[in-house]
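J.: Following the working numbering, the numbering of the first sequence begins with 12 at its first residue and continues without gaps. All C-beta atoms, glycine included, are put in the ideal place defined by N, C-alpha and C. Keep in mind that this is a model prediction, so the values were computed, not measured.
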Amino acid sequence: MTDTVRVRFAPSPTGALHIGGGHTALFNWLWARHMGGRFILRIEDTDRERSTKEYEETIMSGMRWLGLDWDEGPDAGGDYGPYRQSERLPLYRKYADQLVDEGKAYREGDAVIFKNPEGVKLIFDDVVYGHIEVMSETLKDTVLIKSDGMPTYNYAVVIDDHCMGITHVIRGEDHISNTPKQLLIYDALGWDYPAFGHLPMILGKDKKKLSKRHGATSVYEFRDMGYMPDSVFNFLALLGWSAGENNEIFSRDEAVSLFELSRVTKRAAVFDMEKLNFINQEHLKRLDPYTRLDLVEPFWREMGLPVDDHSREYLAQSLVVLCGRGQTAKEAAGYSDYFLTFEAVKGRYDGSDVDDAGRGMLRKFYGELLGLPEWKAPPLEEFTRTWSEGHSVKMKDIAMPLRMALTGMKVSPGVFEVAEHLGRDECRRRLAHFGFVGSAE
RNA sequence: GGUCCCAUCGUCCAGUGGCCUAGGACACAGCCCUUUCAAGGCUGUGACACGGGUUCGAAUCCCGUUGGGACCGCCA
């Protein structure tokens, strides 16, 4: 039991779950699950100014959204709690006092400061970056306890990782230069080092560290844009790791079984929206219609469409007809409004692009079409093809107006599939509205 | 400035001394399919930063150069 893997994600609750934080959490989670270990959530709320309970909540729900469940944490409990640093103050105090007593640290005002030794070679073998060594004289004295009684990051992280039995410290590459400082504290306390595995940074398109300037950066923004948790998960997992040469679209379970910390790459990765779009579309395609419906429905509602006027069956089938069009649930919702209401069509199209001569032909054709015995896509298409040949008009000259009248869009799924799904009566109603079908005369 | 890290197509990855005239994916271009758009199929453009070594042999190892990045807070 003592040698099971224990990893942690230790965010500070000073903002929503950032895409970089999500990446770090994800890799920790993958390693824990792959190894059958424990994934711990620790809240590093030692910045009294900026930490809030609300952000703590936001971060946790962001992780839940991504499907990263933790075994120990502020809400989950565990044998190594408390899991909020603000609640572990006596512990930090205790070791700080010990360090002062041993002459390894000194007090300055209310603060406790670690005395930086000289001539010590600090060495660690990073699971990802390999052998790294730094001489202690390149470092300075570091504050352990701040004047307000709170521990600093570099100190608390050591105490907690040790006391919580963390076996692998997996975090962003920006912490590599912090590691030697922490090593000094491990040494001073006579503790063994955990294994360290630093993760490559995630950059924006301009190759600068990802920030708000790059648009969406909190995982919630991706949810709101219509991305699936599974695809954000998949995409993030691909930043700095690969599951093998021909395996880019995968599930959580597949990632868990394939993941290897030693296969993580060192080079910073650029966050590429295009790739995320592709991955999301792939995951969307693989969904069964009703699950897809659950994803799209909120966006239809957001658009003010009459979702409740239709059956679940009809709505799900609408997405089947849509057939993978749209890279996000939001796009899919936007591409399919005409299935829910004719109003959307009327808002886009008024039939004025058809001249009188054209209208005459269309009335003749649509009149016959609407009279067909079977209202199914194949016979509709078959009839249309035959008719267009018989009257020497191009297929698209009679199919396109139909598309416009039915969907109000130049672009849609196969128009006969759309017509079938809409039903004969609804099609007649829409065609009649634009005068494409003769009212009695 | 000091310390540390990184360096393969525009982007994400594969590649761990010979299988590499460097492979896949996204994006891009063309073609096919076709009632539009997607999807799908096919084809193409496109990279080992540079210079020295080591070696019979280097994208892979070593050194240097250049270019990026991180850290150097009583932030985390």
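Along the chain, where does the alpha helix (DSSP H) containing T35 start, and where does it finish?
T.: Its alpha helix (DSSP H) spans residues I30 to M46.
J.: What's the gap between the Cα of H179 and the Cα of P205?
T.: Each residue's Cα considered, the two are about 6 Å apart.
J.: Please state whether the Cβ-Cβ distance between I170 and Y103 is less than 8 Å.
T.: Yes; because the gap between Cβ atoms is below 8 Å, this pair is in contact.
J.: Pairing CB atoms from the segment 67-79 with CB atoms from the segment 32-41, are three or more of them under 8 Å?
T.: Because the criterion of three Cβ pairs below 8 Å is met, the segment 67-79 and the segment 32-41 touch.
J.: Thinking C-alpha only, which one of W252, R303 and P240 is nearest T276?
T.: Closest by alpha carbon: W252.
J.: Does the beta-carbon of Y66 have 16 or more other beta-carbons within 10 angstroms, so that it is buried, or is it exposed?
T.: Buried, by the Cβ-count rule.
J.: Within the same chain, show all residues whose beta-carbon is closer than 7 Å to that of P424, passing over the 5 residues directly before and after it, in chain order.
T.: If we look at P424 and ignore the five residues flanking it on each side, its Cβ neighbours are V332, L333, C334 and R336.
J.: Can you list, in chain order, the residues of its chain whose CB lies under 8 Å from that of I124, leaving out five sequence neighbours each side?
T.: If we look at I124 and ignore the five residues flanking it on each side, its Cβ neighbours are A116, Y117, R118, D152, T153, V154 and L155.
J.: Are there 16 or more other CB atoms within 10 angstroms of the CB of I196, so buried, or fewer, so exposed?
T.: Flag for I196 reads buried.
J.: Report the partner residues of R118 according to the DSSP bridge assignment.
T.: In the DSSP output, where bridge partners are listed per residue, R118 has V123.
J.: Kindly confirm or deny that the segment 123-138 and the segment 20-29 touch, where touching means at least three C-beta pairs closer than 8 Å.
T.: Touching, no, given that fewer than three Cβ pairs across the two stretches are closer than 8 Å.
J.: Report the option in R396, I51, T57 and D235 whose CA atom is closest to the CA atom of P162.
T.: Per the Cα distances, T57.
J.: As a quick exercise: from M239, V243 and N288, pick the residue whose alpha carbon is nearest that of L304.
T.: Comparing Cα-Cα distances from L304 to each of M239, V243 and N288, the minimum goes to M239.
J.: From the DSSP output, in three-state form, read off H209 for me.
T.: Correct three-state label for H209: strand.
J.: Between E83 and the rest of its own chain, which residues show a CB-CB distance below 6 Å, the 5 nearest in sequence each way excluded?
T.: Around E83: I51 and G89.
J.: Per the contact definition of three or more C-beta pairs closer than 8 Å, is the segment 372-392 in contact with the segment 313-325?
T.: Judged by Cβ distances under 8 Å, the segment 313-325 makes no contact with the segment 372-392, as fewer than three pairs qualify.
J.: Per DSSP, which residues does F20 bridge with? Please list them.
T.: L52, per the DSSP bridge assignment.
J.: Report buried or exposed for E452, applying the criterion of at least 16 other Cβ atoms within 10 angstroms of its Cβ.
T.: Only weak support exists for where E452 lies, its pLDDT of 39 falling under 50; the value from the coordinates is given anyway. Flag for E452 reads exposed.
J.: Does the beta-carbon distance from S242 to N291 come in below 8 Å?
T.: For S242 and N291, yes; Cβs fall inside 8 Å.
J.: CA-CA distance, K192 and E342?
T.: Each residue's alpha carbon lies about 48 Å from the other.
J.: Less than 8 Å between the C-beta atoms of T352 and L306, yes or no?
T.: Contact: no.
J.: Could you check which residue in Y346, R274 and V404 has the C-alpha nearest to that of A248?
T.: Among Y346, R274 and V404, the Cα nearest to that of A248 belongs to R274.
J.: Nearest-angstrom Cα distance between H186 and G176?
T.: The alpha-carbon atoms of H186 and G176 are separated by roughly 20 Å.
J.: For M146 and T190, I'd like the C-alpha separation in whole angstroms.
T.: M146 and T190: Cα-Cα distance of roughly 12 Å.
J.: Which of the three DSSP states, helix, strand or coil, is assigned to I177?
T.: DSSP places I177 in coil when its eight states are reduced to three.
J.: For my contact list, S453 and H173 are in at a C-beta cut-off of 8 Å; report their separation, rounded to the angstrom.
T.: Only positions 12 to 452 of the chain appear in the structure, and residue 453 is not among them; the question remains open.
J.: Assign M12 to one of two classes, buried (16 or more other C-beta atoms within 10 Å of its C-beta) or exposed (fewer than that).
T.: In this prediction, M12 has a pLDDT of 47, which is less than 50 and means its spatial position is unreliable; what the coordinates show is noted afterwards. Burial call: exposed.
J.: If you follow the beta strand (DSSP E) that F8 is in, where does it begin and where does it stop?
T.: Examination of residue 8 is not possible in this model, given that the chain is present from 12 through 452 alone.
J.: To the nearest angstrom, how far is the alpha carbon of E293 from that of Y301?
T.: So the alpha carbons of these two residues sit roughly 16 Å apart.
J.: Where does A266 sit, in a helix, a strand or coil, going by DSSP?
T.: Correct three-state label for A266: helix.
J.: What does DSSP give as the partner residue(s) for I143 in the beta ladder?
T.: F135.
J.: Given a threshold of 16 other Cβ atoms within 10 Å of its Cβ, counted over all protein chains shown, does D14 qualify as buried or as exposed?
T.: By the 10 Å Cβ count, D14 comes out exposed.
J.: Based on Cα-Cα distance, which residue from Q96, I30, E68 and W311 lies nearest to G183?
T.: Closest option to G183, Cα to Cα, is I30.
J.: Measuring alpha carbon to alpha carbon, tell me which residue in L214, K375 and L417 is nearest A355.
T.: Minimum Cα distance to A355 is reached at L417.
J.: Would you check if the distance between the CB atom of F447 and the CB atom of E392 is smaller than 8 Å?
T.: Their beta carbons are not under 8 Å apart, which means F447 does not touch E392 by this criterion.
J.: Report the three-state DSSP secondary structure of I156 (helix, strand or coil).
T.: Residue state, collapsed to three classes: strand.
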